[in-house]
Amino acid sequence: MCGIIGYTGNDNAKEILLDGLSALEYRGYDSAGMSLFKNNDIITVKTQGRVSELSKKASAQFSEKTFCGIGHTRWATHGKPSETNAHPHGTENVMIVHNGIIENYKELKNELGNVNFYSDTDTEVVAKIIDKEYRKTRDPIKSIINTHRLLKGSYALGIIFADIPDTVFALKKDSPLLIGTGKNGMFIASDISAFLKYTDRYIRLSDGDTAMITKECVCVFAADGNKKTISEERSVKNADVTGKGNFNHFMLKEIFDEPDAMRNTFGSLTKDFLPDFSATIPDDSFFEDIGTIHIVACGTALHAGLQGKYFIEKLAKIPVTTETAGEFRYSDPILRENDLAIIISQSGETADSLAALRMLNKKHIRTLSVVNTPGSTIAEESGKVVFTLAGQEIAVASTKAYNVQCEVMLFLALKTALVKKTLTSAEVKNILHSFSRVFTDSIPTILSNNTPFRKAAEILSGCKNAFFIGRGYDNYSGQEASLKLKEISYIHSEAYAAGELKHGTISLIEEGTPVISIATDKKFYEKMRSNIEEVKSRGAVVISVCCENAQIIKEISDCVITVPNGTFAENPFTTATAIQLLAYYTALEMNRDIDKPRNLAKSVTVE
Ligand code: F6R
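Each residue of the sequence shown is one higher than the last, beginning at 12 in the numbering used here.
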């Protein structure tokens with residue numbers, strides 16, 4: 012999704028902005044641009060497409076060193092991807108970059124009256140309002156605060172005024188924005204990775220804050236115009252995490268990171284093969300007397316929530332609801348005093364998940380977040396937070412984060428089961444012993460041989476539609492498998508509980524339609540075999556992802572991907588790695604842009 016970087020200081024601003032924009036590329040974008048001060052003027056360059064293109068254009072424009080500017084990667088919301096709609100936007104007096112959505116931009120545009128607009132963006136409207144306010148007040152802070160009072164929606168803004176050289180202004184509401192404080196200059200960014208190479212110190216802005224940033228100092232003003240005291244924080248994130256190593260794609264590298272990510276998470280959240288959350292939840296009473304657990308998340312994180320539902324209901328015997336955050340936030344859920352809400356988010360910045368969390372906080376419901384990004388807004392605003400230790404994910408498609416999210420959900424289920432006494436310590440230890448095989452043996456075994464994935468990918472890559480079927484936790488794995496295949500290969504697919512297909516959708520199965528059956532839960536082998544027979548007799552080509560011992564599934568499948576035999580505490584994890592590799596090799600066969608699939612963003616900061 013959109014990314015912001017701004018800089019003022021002694022170093023080469025053009026290079027720093029380009030570096031920052033490259034670091035933000037992983038978020039997904041369709042155009043990029045930047046505005047820099049040059050000889051008492053602001054010069055803007057933009058491009059539709061990649062930052063590498065912008066870099067070529069910028070080199071032609073800025074041969075001399077520049078010291079201050081703002082840059083942006085845009086993921087289109089208002090107006091198609093084009094150079095004209097790319098940010099920065101503005102007038103001869105002011106240029107701005109914007110993340111988020113201005114919900115009342117149409118009304119504001121009308122109120123501006125006789126003003127010409129060159130783009131279709133909501134951002135241009137904001138720039139023109141700031142310009143108007145600035146001409147009235149000649150005070151940059153007042154003009155930004157006055158504009159803030161008019162806006163509805165979510166926004167992080169980076170702003171420069173033509174007659175205030177080498178100064179960057181910022182405004183934040185419901186969209187992430189940080190100020191980096193370095194020895195050689197100051198930064199603004201929507202994501203710390205944009206300036207982490209230069210400084211690990213930052214100031215977090217609150218909603219409604221306006222900031223004025225020069226190369227020596229930062230002043231922050233509250234929405235009422237009063238100056239605020241600010242405090243600096245230090246990032247625990249490592250700047251040097253963005254390499255692909257010997258892999259052709261980040262996605263493949265990140266799938267290969269899974270054993271380490273799971274081992275690290277295991278190390279931080281277990282002790283002697285028992286779950287241990289004492290670092291963040293010291294008091295076991297947190298897990299006592301829970302009525303219903305509400306799991307709220309989006310996309311892949313929601314699918315991890317479904318696996319969590321399975322674990323919690325099976326082990327701790329607590330009812331669980333799972334809901335996509337975009338619906339939950341506007342629904343009227345039945346919430347009781349002793350309920351617990353779990354928000355799952357890799358980025359910790361997903362707009363809908365954050366809004367759901369805020370809604371739950373307002374209602375005083377116990378909240379716990381499972382987050383991969385320290386310092387993210389969801390992590391900061393949750394009652395309790397448990398960190399997954401996947402390390403940064405760069406590929407848009409979430410892989411290692413999913414497996415560690417499922418892992419934490421298993422640990423939470425086991426912890427609650429222990430506190431509720433639905434399981435004994437010996438039983439929990441047994442489960443965690445079998446789970447640990449996943450990262451010591453099973454996933455490394457799957458990663459060691461790509462032949463079955465390549466064979467299945469050859470079948471899938473010629474197709475337009477595919478179906479996934481499974482039962483129990485294999486059904487939930489199918490949901491994630493379908494999402495993974497769609498997002499990076501662009502093959503349309505749907506996932507069904509295997510028994511549900513015949514209630515309508517089976518009419519779509521014809522000669523050659525691929526059906527991917529996921530059959531790792533032994534108790535369903537016979538049922539799954541019948542479901543496979545049903546689709547095969549209508550012409551389907553069946554690819555099965557199953558355990559080695561699933562002989563009755565293997566013998567009727569056209570193509571087989573096996574995962575090591577395992578229990579319920581292993582199979583969802585090994586299956587995840589297998590279906591990620593299946594999607595990866597299919598997309599590779601189809602020559603897709605695997606790490607940056609079209610239309611997608613890594614961090615979805617608009618609703
Ligand atoms: C798919 C994917 C998305 C995210 C979703 C939630 O591969 O990555 O479906 O899972 O956008 O993102 P987070 O976990 O950052 O809240």
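Note that beta-carbon positions come from the ideal geometry of N, C-alpha and C, so glycine has one too.
Using a Cβ-Cβ cutoff of less than 7 Å, which residues in the same chain neighbour F446 once the five nearest sequence positions on both sides are dropped? For the purposes of this step, residue 446 is taken as the residue at position 435 of the sequence shown. Cβ neighbours of F446 beyond the five flanking positions: L421, A580, E581.
R347, DSSP secondary structure in three states: The count along the sequence shown starts at 1 and reaches residue 347 at position 336. Three-state DSSP puts R347 in coil, outside helix and strand.
Write down the C-beta distance between E243 and Y209 rounded to the nearest angstrom, noting that I regard them as a contact closer than 8 Å. In the sequence shown, the residue the question calls residue 243 occupies position 232. In the sequence shown, the residue the question calls residue 209 occupies position 198. The C-beta separation of E243 from Y209 comes to about 15 Å, leaving the pair out of contact by the 8 Å criterion.
Report the partner residues of T303 according to the DSSP bridge assignment. Numbered from its first residue, the sequence shown carries residue 303 at position 292. DSSP lists no partner for T303.
Relative to ligand 1, is the shortest distance from any of its heavy atoms to the C-beta of I266 smaller than 8 Å? Along the sequence shown, read from residue 1 onward, the residue named residue 266 stands at position 255. For I266, the Cβ stays outside the 8 Å cut-off from all heavy atoms of ligand 1.
To the nearest angstrom, how far is it from the Cα of E26 to the Cα of F198? For this step, residue 26 is matched to residue 15 along the sequence shown. For this step, residue 198 is matched to residue 187 along the sequence shown. Between E26 and F198, the C-alpha separation is close to 13 Å.
Helix, strand or coil: how does DSSP classify F398 here? Working through the sequence shown from its first residue, we reach residue 398 at position 387. Of the three classes helix, strand and coil, the one that applies to F398 here is strand, per DSSP.
Sorry if obvious, but does the Cβ on C417 come closer than 8 Å to a heavy atom of ligand 1? By 1-based counting over the sequence shown, the position of residue 417 is 406. It does not: the Cβ of C417 is nowhere closer than 8 Å to a heavy atom of ligand 1.
Hey, quick one: how far does the beta strand (DSSP E) through N21 stretch, first residue to last? By one-based count along the sequence shown, residue 21 stands at place 10. No beta strand (DSSP E) holds N21; DSSP gives it neither H nor E.
Under 8 Å from any heavy atom of ligand 1, does the C-beta of C13 make it? Taking the sequence shown and counting its residues from 1, one reaches residue 13 at position 2. Answer for C13: no, Cβ out of range of ligand 1.
Out of P92, I54, F73, G17, which has the shortest C-alpha to C-alpha gap to N610? Counting from one through the sequence shown, the residue named residue 610 turns up at place 599. With distances taken between Cα atoms, N610 lies closest to P92.
Quick one: is the Cβ of G319 within less than 8 Å of any heavy atom of ligand 1? For the purposes of this step, residue 319 is identified with residue 308 of the sequence shown, where counting begins at 1. Ligand 1 never approaches G319 closely enough for any of its heavy atoms to be under 8 Å from the residue's Cβ.
Could you tell me whether the Cβ atoms of C79 and T616 are closer together than 9 Å? As a first step, residue 79 is located in the sequence shown; it is residue number 68 there, counting from the start. As a first step, residue 616 is located in the sequence shown; it is residue number 605 there, counting from the start. Cβ atoms of C79 and T616: not closer than 9 Å.
Can you tell me which of H305, L368, A233 puts its alpha carbon nearest to the alpha carbon of K184? Translated into positions along the sequence shown, residue 184 becomes position 173. Among H305, L368, A233, the Cα nearest to that of K184 is on A233.
For F478, three-class secondary structure by DSSP: Position 467 of the sequence shown, counting from 1, holds the residue named residue 478. Of the three classes helix, strand and coil, the one that applies to F478 here is strand, per DSSP.
Would you mind sorting C558 into buried or exposed? The rule is 16 or more other CB atoms within 10 Å of its CB. As a working mapping, residue 558 is identified with position 547 in the sequence shown. Its Cβ being crowded by 16 or more others within 10 Å, C558 is buried.
Reduced DSSP secondary structure (H/G/I, E/B, other) of S151: To locate residue 151, count along the sequence shown from 1; it is residue 140. Just to set this straight, residue 151 is Pro in the shown sequence, not Ser. Assignment of P151 by DSSP, reduced to helix, strand and coil, places it in the helix class.
Where K411 and I112 are concerned, what is the direct C-alpha to C-alpha distance, given to the nearest angstrom? Indexing the sequence shown from 1 puts residue 411 at position 400. Indexing the sequence shown from 1 puts residue 112 at position 101. Straight-line Cα distance between these residues: approximately 30 Å.
Considering only the alpha carbon of each residue, which of Q562, L494, L123 lies closest to D142? For the purposes of this step, residue 142 is taken as residue 131 along the sequence shown, with counting starting at 1. Closest option to D142, Cα to Cα, is L123.
Less than 9 Å separating the beta-carbons of I389 and E348? Walking along the sequence shown from the start, residue 389 turns up at place 378. Walking along the sequence shown from the start, residue 348 turns up at place 337. No, they are not a contact pair.
Return the first residue and the last residue of the beta strand (DSSP E) that L207 is part of. Locating residue 207 in the sequence shown gives position 196, where the first residue counts as 1. Careful: L207 lies outside any beta strand (DSSP E) and carries neither H nor E.
Skipping 5 residues on each side, what residues in its chain have a beta carbon closer than 7 Å to that of E299? Indexing the sequence shown from 1 puts residue 299 at position 288. Cβ within range, chain order: V430.
I'd like to confirm something about A327: is its beta-carbon nearer than 8 Å to some heavy atom of ligand 1, or not? Here the question's residue 327 lines up with position 316 in the sequence shown. A327 Cβ: outside cutoff for every heavy atom of ligand 1.
Among L189, C309, I355, nearest to G337 - alpha-carbon criterion: What you label residue 337 is simply residue 326 of the sequence shown in a count that begins at 1. Comparing Cα-Cα distances from G337 to each of L189, C309, I355, the minimum goes to C309.
Could you tell me whether any non-hydrogen atom of ligand 1 is closer than 8 Å to the CB of K613? Taking the first residue of the sequence shown as 1, we reach residue 613 at position 602. Correct: K613 has its Cβ closer than 8 Å to ligand 1.
Should R540 be labelled buried (16 or more other beta-carbon atoms within 10 Å of its own) or exposed? Position 529 of the sequence shown, counted from the first residue, corresponds to residue 540. Buried, by the Cβ-count rule.
Quick check: is any heavy atom of ligand 1 less than 8 Å from the C-beta of L494? Your numbering for residue 494 matches position 483 in the sequence shown. L494: yes, Cβ under 8 Å from ligand 1.
Beta-ladder partner(s) of G196, from DSSP: As a first step, residue 196 is located in the sequence shown; it is residue number 185 there, counting from the start. DSSP lists G20 as partners of G196.
Which residues does DSSP list as the beta-bridge partners of K513? Taking the sequence shown and counting its residues from 1, one reaches residue 513 at position 502. DSSP lists no partner for K513.
Quick check on T361: does DSSP put it in helix, strand or coil? Position 350 of the sequence shown, counted from the start, is the residue given in the question as residue 361. Assigned with DSSP and collapsed to three states, T361 falls in coil, not helix or strand.
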